[in-house]
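For the sequence shown, this note's numbering gives the first residue as 900, with consecutive numbering after it.
For glycine and all other residues, C-beta sits at the position ideal for the given N, C-alpha and C.
Only a predicted model underlies this, so the values are computations on that prediction, with no experimental measurement involved.
Comments concern the structure below.
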Amino acid sequence: MNNKKQTAVVVIPTYNEVDSIGKMIDHLFKKTFPQIKNWHCKLLVVDDTSPDGTYKVVQEKQKKYKDLYLLLNKEKAGIGNAYVKGFKEAMNKLDADTIIEFDSDFQHPPETIPAMLKEIENGADYVLGSRKIKGGSNPKGWGFKRVFFSEVGGFTARFILFFPFKNFFKITDPTTGLKASRVKGFVNKMDMDNLYTKSFAYKLEFLFKMVLLGAKIKEIPLQFGLRTVGESKIEPKTAADTLKTVLHVRLYDDPFVKKFLKFGTVGFIGYLVNATLLQLVANLGQPEWMAWGVSTEAAIISNFTLNNIWTFKSDKIKGLSALTKKFLQFNFTSAGALIIQTVVGTIGVSVFGAQYRQLLLPFIILFLVLPYNWIMYNKIIWKKK
Ligand code: GDD
Ligand code: MN
């Protein structure tokens, strides 16, 4: 008999939510959870010992609902901190298979909870409530300015985190606070102890990490409501913190970006080798094609060596026979680059004159050789087995 229900833990962080938390708890236990047949639903409130006594309301309700849990932090330490603690508690003590991030103030409609769990059942690993897709919306009361900042902020975050990959197009509302995450293979694999930020921007860091873990993402419409009681805890510094966070994770945690920056550096060194020799050989009075050809080959040797020991060190080519074979292959694919540079360079000099030689080289490299090489290196030379 193995038809034990899966467990869904809804985590609500609270700070001074005394006017909404009691109603939310009742709503979830009386209306929402009973509709959800396939899951055992639990609610975990993470309160930072709110001065207004939010946690006391929760403690009172715990007498009534056995699946209601409370985690108390000694002091206010940010929504990101509350979620890290809540996620760990949900995984380690509450047996969570899926964790839902939810607000206490009814801005997230409770009916989205069964909808998100359906998507998890259907195979999604990470379900995001989006205000930007069909059926989703911002609160009616939001003025132009608020909508404008939300749009620009969301777009910037998408761009910095994911451009030019598919999630840039796919994730329409990256700052959303409504999410459901699969634990196995995702939340339990996520490094939550070294988060860059503990503020609201943690949302984007979690998002980025789930994407890196290969989560299958599904968006559902979110009609984001107006807050009717209490007040927003978002601070003015949230925007700057969000920008810093997305830049940080993309630069330091994205293997693609790390690799591309190394590739760029190696290429730049190759360019210096190329430019120096180009001038030297030309000054010796050799023919134009010779100057371009020799200097380009020298750059190829530099590129092969440095990329092998640095950029592609995880797929490093070792052993004399493999190295020889790959170096020959590298020369072969680089013949394309050599031909591109020699032909375009020679034509360029004949059109613009020799005084433009050094200007032509970086343009040819940037727009023709660089994209060509990136593709050849990844698809042929250091191809993953
Ligand atoms: N424990 C704890 N500690 N809870 C906090 C803290 C904190 O420092 N800061 C905020 N919270 C709780 C609030 O009490 C609330 O239940 C929830 O986190 C969301 O906070 P709100 O203050 O209501 O945020 P918001 O409505 O302005 O922002 C919402 O929309 C954003 C997108 O526009 C949230 O859903 C954000 O996560 C989302 O990014
Ligand atoms: Mn809110």
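| Is the stretch 1162 to 1169 touching the stretch 1122 to 1137, taking contact as three or more C-beta pairs under 8 angstroms? | no
| field | DSSP-derived helix/strand/coil call for K1117 | value | strand
| query | Which class does K960 belong to by DSSP, given the choice of helix, strand or coil? | reply | Per DSSP, reduced to three states, the secondary structure at K960 is helical.
| field | Reference Q934, options A1014, F1005 and G1244, closest by Cα | value | A1014
| message | Output needed for G1053: all residues of its chain with C-beta closer than 7 angstroms, excluding positions within five of it in sequence on either side, in chain order. | response | The answer, listed in chain order, is D1072, P1073 and T1074.
| said: Please state whether the Cβ-Cβ distance between K941 and A981 is less than 9 angstroms. | reply: no
| message | Rounding to the nearest angstrom, what Cα-Cα distance links T1175 and L1267 in this structure? | response | 20 angstroms
| said: Please report the distance separating the alpha-carbon of F1047 from that of A1100. | reply: 19 angstroms
| query | Cβ atoms of K1102 and G977: under 9 angstroms apart, would you say? | reply | Inclusion of G977 and K1102 in the CB contact set at 9 angstroms is not warranted, their separation being larger than that value.
| query | Which residue from S919, S1233, S1249 and W1273 puts its Cα closest to that of P1186? | reply | Nearest to P1186 by alpha-carbon distance, out of S919, S1233, S1249 and W1273, is S1249.
| message | A1198 and V1172 - do their beta-carbons sit closer together than 9 angstroms? | response | Result yes, Cβ atoms of V1172 and A1198 sit closer than 9 angstroms.
| message | Whether or not the stretch 1075 to 1082 and the stretch 1007 to 1027 are in contact is what I'm after, with contact meaning three or more pairs of Cβ atoms, one per stretch, closer than 8 angstroms; do they touch? | response | yes
| task | Could I get the ranges of all uninterrupted beta strand (DSSP E) runs contained in the stretch 1077 to 1115, with 3 residues as the minimum, in chain order? | result | 1078 to 1081
| Alpha-carbon to alpha-carbon, F1061 and M900 | Note that M900 scores 47 on pLDDT, short of 50, meaning its location in the model is unreliable and no value can be drawn from it.
| Cβ neighbour criterion (16 or more within 10 Å) applied to F1068 | exposed
| query | What's the call for L1125, buried or exposed, on a 16-neighbour Cβ count within 10 Å? | reply | exposed
| task | Decide if N1206 is buried, meaning its Cβ has at least 16 other Cβ atoms within 10 Å, or exposed. | result | buried
| message | Please report the distance separating the alpha-carbon of Y1271 from that of M1189. | response | 23 angstroms
| Start and end of the alpha helix (DSSP H) containing A1198? | Where A1198 is concerned, the enclosing alpha helix (DSSP H) starts and stops at E1187 to L1205.
| query | Roughly how many whole angstroms lie between the Cα atoms of T1144 and D1152? | reply | 11 angstroms
| Got a sec? Which residues, its chain only, sit under 6 angstroms from F870 by beta carbon, not counting five neighbours each side? | The first residue shown for the chain is 900 and the last is 1284, placing residue 870 beyond what the model contains.
| Would you say R1126 touches the ligand MN, meaning its beta carbon is less than 8 angstroms from a heavy atom? | yes
| field | Nearest residue (CA-CA) to G1154, options K1108, L1121, D925 and T1141 | value | Strictly speaking, residue 1154 in this sequence is Pro, with Gly absent from that position. Each of K1108, L1121, D925 and T1141 was checked against the Cα of P1154, and the nearest Cα belongs to K1108.
| field | Pairwise C-alpha distance: A1139 and Y1301 | value | Nothing can be reported for residue 1301, as the shown portion of the chain is limited to 900 through 1284.
| request: Starting from L969, follow its DSSP beta bridges and name the residues at the other end. | output: V944
| said: What would DSSP say about Q1006, mapped onto helix, strand or coil? | reply: Here Q1006 carries a coil assignment [DSSP, helix/strand/coil].
| query | What are the start and end residues of each continuous beta strand (DSSP E) run of 3 or more residues lying completely inside the stretch 977 to 1060, in chain order? | reply | Within the stretch 977 to 1060, the complete beta strand (DSSP E) segments at least 3 residues long are 997 to 1000 and 1025 to 1029, listed from N- to C-terminus.
| task | Could you spell out where the alpha helix (DSSP H) holding T931 opens and where it closes? | result | Looking at the DSSP string, T931 is not in any alpha helix (DSSP H), and its letter there is neither H nor E.
| request: Could you say which of S1201, A1114, L943 and L1237 lies nearest to F1001 if we only look at CA atoms? | output: L943
| field | F1211 CB to nearest heavy atom of the ligand GDD below 8 angstroms | value | F1211 Cβ: outside cutoff for every heavy atom of the ligand GDD.
| task | Tell me whether G1076 counts as near the ligand GDD, meaning its Cβ is closer than 8 angstroms to at least one heavy atom of that ligand. | result | yes
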